[in-house]
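2 protein chains.
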Amino acid sequence: MFEIKYKDGAGRAGVFEVRGKKLETPYLFPVINPKRQVLDVKEIERLGFNGIITNSYIIYRDTALRQRALERGIHALLGFDGVVMTDSGSFQLYQYGSVEVSPSEIVRFQDEIGVDIGVILDIPTPPDVGYERAERELEETLTRAKEAARLSRKMLLAGTVQGSTYAELRERAASGIAALGFDVHAIGGVVPLMEEYRFADLARVILHSKLKLGHAKPVHLFGAGHPVIFAFASLLGCDLFDSASYALYARDGRYITARGTYKLEELHELPCSCEVCAEHSARELKGLEAEEREHLLAKHNLISCLEEIKRVRQAIYEGSLWELVEQRARAHPALLEALRVLKGYSAQLERLEPVTKRSAFFYSGMESLSRPAVARHIERLSWIERRGAELVLLPDCEKPYSRTYRLASSERYHVCIASPVFGVIPLEIEETYPLTQHEGVATLDREQLAFMRRVIAEYAQRFTKVHYHISLEFLGIEGEAFDEVSQFRFAGGEELKLRALADYQLGKGAGEALFAGARAEYSRRTGRIRRAFVDGELVATLRASDGIVVPTIAGAERLLRLRYPRCRVVVAEEARQFAKEGKSVFAKFVVDCDPELKAMQEVVVVDESDELLATGTALLSAEEMLEFERGIAVKPRHRRR
Amino acid sequence: MFEIKYKDGAGRAGVFEVRGKKLETPYLFPVINPKRQVLDVKEIERLGFNGIITNSYIIYRDTALRQRALERGIHALLGFDGVVMTDSGSFQLYQYGSVEVSPSEIVRFQDEIGVDIGVILDIPTPPDVGYERAERELEETLTRAKEAARLSRKMLLAGTVQGSTYAELRERAASGIAALGFDVHAIGGVVPLMEEYRFADLARVILHSKLKLGHAKPVHLFGAGHPVIFAFASLLGCDLFDSASYALYARDGRYITARGTYKLEELHELPCSCEVCAEHSARELKGLEAEEREHLLAKHNLISCLEEIKRVRQAIYEGSLWELVEQRARAHPALLEALRVLKGYSAQLERLEPVTKRSAFFYSGMESLSRPAVARHIERLSWIERRGAELVLLPDCEKPYSRTYRLASSERYHVCIASPVFGVIPLEIEETYPLTQHEGVATLDREQLAFMRRVIAEYAQRFTKVHYHISLEFLGIEGEAFDEVSQFRFAGGEELKLRALADYQLGKGAGEALFAGARAEYSRRTGRIRRAFVDGELVATLRASDGIVVPTIAGAERLLRLRYPRCRVVVAEEARQFAKEGKSVFAKFVVDCDPELKAMQEVVVVDESDELLATGTALLSAEEMLEFERGIAVKPRHRRR
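Here is the structure:
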């Protein structure tokens, strides 16, 4: 069973429980060669791996190995108690064109030798083959998948998505595989793309596969074993990787880093702190006997992979995975190209993007403007109701903007910052994530200018009159220039501000429902709104760290005026009582929810007759909480008394 | 004595010999607190540090410590045999406004206790103070520097550049310090800039200081102890750093990485492979007693700093320092801003940039277009003589371009690629560094488009007629569009090609001098030009890896037709014989050279009467080889028979 703990982008950090053993995802399976293993399995375990992958077909084909595997089981054969996954001969099929085992036989064999996660014998279609071949082979893979899915077994089973580089076939394959109830969804046939640095094509393949795979199963990107790709593939929602590279590269005298690979002879220093690199200089490594060198390189390579996997997990936890990917994209232009390609998949990625994170939004170049958080901001701007107001645009400055300029939006003037990162930032919402926490650059580039012009022009259309500060003339805004900021000075507008925050965070009309006639209470320490009352009743608090509106039970009641299922998570009858008692809402009990719900959004928990039970924070997006059978969907906050 | 081994950008990897002990630069001095040391000096030594820095003023002010230091010497006091550098109380001056020791006294004291590198007691002026104060304090620093420089001493001495954030004062300070013969040039007063993430201002301060400091002394950036800045500061020519951060941050529960700092409680995983992080989980570290946690964090922090220093040294060695800096710039927008600021210093940086490197040119975003290698390429384009030819522009494609298009430039047509990275790439020089080794992206951004338009428009002015492929219409080129590439098909033009290569690499007229009437010999294996003959005499070979023209002695004789001192390195009489015997030319014997000479350029070695002695590769730029007293200036290739 797979459970999400933390989310960032379309990536997730979670726990995959395999027959009582737990893998922390994203997880990397070191590949074990059952015939010649450069690193002892015990050593691999010591380095921190509790799951490995090996090849059941190699074992099957070797009489002695096969015998021993059947007698003693795969765990005893390898001397490893952790999770053992096996590949099924697809790689050999790809390499040699045929294998001498039937698809059902190899699946049965994996189960018989006690494998924890088996894989079907799919047909690995290379990139760029003719459409007909790709389709034919895909149909064969799906037939085999169906057959394998029917076999009774003790092990978990992975079904593989093929379809070459055809988006449509990948989607068809994913739909087919998703329907068969596999425990792991694998994406196959991508090794050539990685070998040829075709990361943009790899991104497309992953995204089209993911589109139809659903969310509840861990996704294994087959053959992805180099750390340059871990952050990127994780961002797109891959959870499992396997690396033979650590050993293959070592044999070839190659040294892996998260920034790329070196031939050992190219190294003058060892830019790493692992046990191998702490104890040897580059010169020493070069001077070793081939076997010892290979062993040490393999160890370094594997540690280097693990380090990046940990970095990715930490990035998901803290919400900086986009930033990590944008850094890694500078390891090779082909990765940058892949990052630029994501712009076309913004809507798909936005659905899974959390609404708030532990860490700040860092602008790292034009690609940052294509992040889902930016597209979402621009969409949500249109949710804010400011009928009849005039737009006032001011240049970017030190945050908080309203303090720097000593003003606020009023009934008449909707004051906004012309932002090089978010286009337009209304003062009403400046304290909410990601606006308050973002960092940009002072030296703007042409992409930022074009972006600002586009967003501002679009936003300005909603207003009868536009005023812009004279220093923004370079943006070519249609409207009236002004020089004197003080004419707009206004320090009130707390209801305006609260309503805008609710509209922006919870959707059109949420401001009216929650905050009509609201009064604010300010924090003495920060001077910021801390709590909001309507008719003397506390309806919401504002979280200081990210400006998120947290409704009270009274506030939740008001939000229920919004048409069903807006802002709601609906729990099944059997979990009603738990929710009412202020306990976590588990995903398996969620029967319906606001389809626009995003992870980290504040929600109202109701029962099937739309009766208010509690409030809480969604830990998953709408699609995820409907699909998952495990893990928490809503972390409780207030319960109805 | 300081010696450069490898160069990249304005950065250098070298050896700094301090009283018989050698530090490999860039080098980081861990700061030792003589009163409370969280990491034992022996442990620091074990981690790989053979130089440390401590504070002589603290020792001076503590009667017991002072007594012991005077009796046993600083090395025995600290239990450390390596290089000991000491600060002089400037930090205390900055913190408390005054110190109780005279500037001469503290310098004498450092020498008396056996310090290897002492520092003058300068006045550390903070950023943004009034100009008058900055100037007054600077004058006082210079007075003290003069006084200190006159003292007789056994130790090496560092003079510090101050001047707050005023470019003019930094330059004045640097000129003053450079004139006094110090062994180390320090840049001071920058800690507040680093603490406030003002990396763009830091870059300006370094660049203005470096402008007048000369090249022959190692430059110490005082107080730079965080790995996010090492690559950047090294790129600008800083050689020495010191870190108290590893210990200060540890006390504060902070965990250093090259991508930024974490509070320990923000960590869910430890994204590192050092001995601390390999043996502990984040949870374990958080659970430790304060003292042990501080000790382990300090160790991790220091290892993390060392790892980045090694990465920087490797990057300089392989020629990927710009790439590393562009990656690191994505750790925080303030670093990206600093990178963008370098655009204004392109000419200064270009003078020190090598003409060829071991590694490829990777485009990583618009900032890559401002690298000195790009500006240099555009300047050198104008060196190529193509009088009377018509310009033909083709779209970027797979390299080598001439093979993909199956054509070459002819007398009539000068065929070029419209390149999103270099603007224009004439086919004649496509195989030369950095053109042949560059990697870009397919999805162009507005900055690239504007860049291409500008470079193409400027280059096109030299030609009477311009033809552009119809697919380049989006560039708005003035000229005639064509669709059919084959009309320009031509496979000869070897003299054209050779002359263009020489012009591009060695300057205007070099093609005429070296290759007038030349015939080429091609490699059977690669089909590329391997050797060039004039009248049956071998005049040059072409290096396969980077297309560099390597003149023979006969070729060198032809190059001497270029007006003195073009292409030349002139050696003193005393080294004449060595050079003639084909031995390395040491910098201290270089009496003159082509002022436009760049590192890694092929040169002609002559004596003072301009008689040809040998040929070789310059390892230093013109300014460097004239200034340095140590190290190799020219690696020999051919000698005159």
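Chains Y and D are the protein sequences, given in the same order.
Here this note's numbering is used: position 63 in the first sequence is 163, and no number is missing along the way.
Here this note's numbering is used: position 139 in the second sequence is 239, and no number is missing along the way.
Virtual Cβ for every residue (Gly too), placed ideally from N, Cα, C.
Cβ neighbours of residue i in the same chain (closer than 6 Å, five flanking residues each side left out)
i: E103/Y; result: G114, V115, R730 and G731
i: T154/Y; result: I132, P134 and T186
i: E237/Y; result: I223 and T225
Cut-off 7 Å between Cβ atoms - residues of its own chain near residue i, not counting five sequence neighbours on either side
i: Y622/D; result: R628, I629 and R630
i: E336/D; result: The question names Glu, but residue 336/D is Leu in the sequence shown. If we look at L336/D and ignore the five residues flanking it on each side, its Cβ neighbours are A110, A303, I306, L307 and K310.
i: Y266/D; result: Y231 and A234
i: S420/D; result: S459
i: W483/D; result: D603, Y604, G607 and K608
i: A473/D; result: E453, F461 and P534
i: G360/Y; result: V328, A431 and H432
i: E531/D; result: P500, R628 and G647
i: R740/D; result: I653, K680, L712, L713 and A714
Rounded distance between the beta-carbons of residue j and residue i, thought under 8 Å
i: D707/Y; j: R676/Y; result: 5 Å
i: A679/D; j: L713/D; result: 4 Å
i: E369/D; j: K410/Y; result: 4 Å
i: K312/D; j: A278/D; result: 6 Å
i: V555/D; j: G579/D; result: Rounded, the Cβ-Cβ distance is 15 Å, inconsistent with contact.
Residue environment, residue i, which counts as buried when at least 16 other CB atoms sit within 10 Å
i: C374/D; result: buried
i: R233/Y; result: exposed
i: K698/Y; result: buried
i: G314/Y; result: buried
i: T241/D; result: buried
i: R624/Y; result: exposed
i: D216/D; result: buried
i: P126/D; result: buried
i: R456/Y; result: In the sequence as presented, Arg is not what sits at residue 456/Y; that position holds Thr. By the 10 Å Cβ count, T456/Y comes out buried.
i: A542/Y; result: exposed
i: Y568/D; result: buried
i: E450/Y; result: buried
i: P130/Y; result: buried
Test: residue i CB closer than 7 Å to a CB of chain D
i: E145/Y; result: no
i: S97/Y; result: As shown, chain Y starts at 101 and ends at 741. That puts residue 97/Y outside it, with no answer to give.
i: S623/Y; result: no
i: E674/Y; result: no
i: Y466/Y; result: The sequence given here has Met at residue 466/Y, not Tyr. Yes, because at least one Cβ of chain D sits closer than 7 Å to the Cβ of M466/Y.
i: C667/Y; result: no
i: E539/Y; result: yes
i: T543/Y; result: yes
i: I159/Y; result: no
Sequence-distant residues of its chain with Cβ nearer than 8 Å to residue i (five each side left out)
i: T357/D; result: P327, P371, C372 and S404
i: V138/D; result: A347, A350, R351, E394, H395 and A398
i: P736/D; result: A679, G682, K683, S684, V685, V705, A714, T715 and G716
i: V441/D; result: A300, A303 and R304
i: A434/D; result: Y297, R298, F299 and A300
Residue i at chain Y interface by Cβ criterion, 7 Å
i: A508/D; result: no
i: L307/D; result: no
i: S373/D; result: yes
i: I356/D; result: no
i: R112/D; result: no
i: I732/D; result: no
Legend entry - Selection of the stretch 405–418 of chain Y by Cβ proximity to chain D, strictly under 7 Å: Answer in chain order: E407, K410, R411, R413, Q414, Y417 and E418.
Legend entry - Residues in the stretch 423–436 of chain Y having any Cβ partner in chain D nearer than 9 Å: Only those residues of the stretch 423–436 of chain Y whose C-beta falls short of 9 Å from the nearest C-beta of chain D are listed: E423, L424, E426, Q427, R428, A429, R430, A431, H432, P433, A434 and L436.
Legend entry - the stretch 374–399 of chain D: positions lying closer than 7 Å to chain Y by Cβ: Contact annotation: in the stretch 374–399 of chain D, residues whose CB is within less than 7 Å of a CB in chain Y are C374, E375 and A378.
Inset, instruction - May I ask you to list, following chain order, the residues of the stretch 304–331 of chain D that have a beta carbon less than 9 Å from some beta carbon of chain Y? - result: Across the stretch 304–331 of chain D, no CB contact with chain Y closer than 9 Å is found for any residue.
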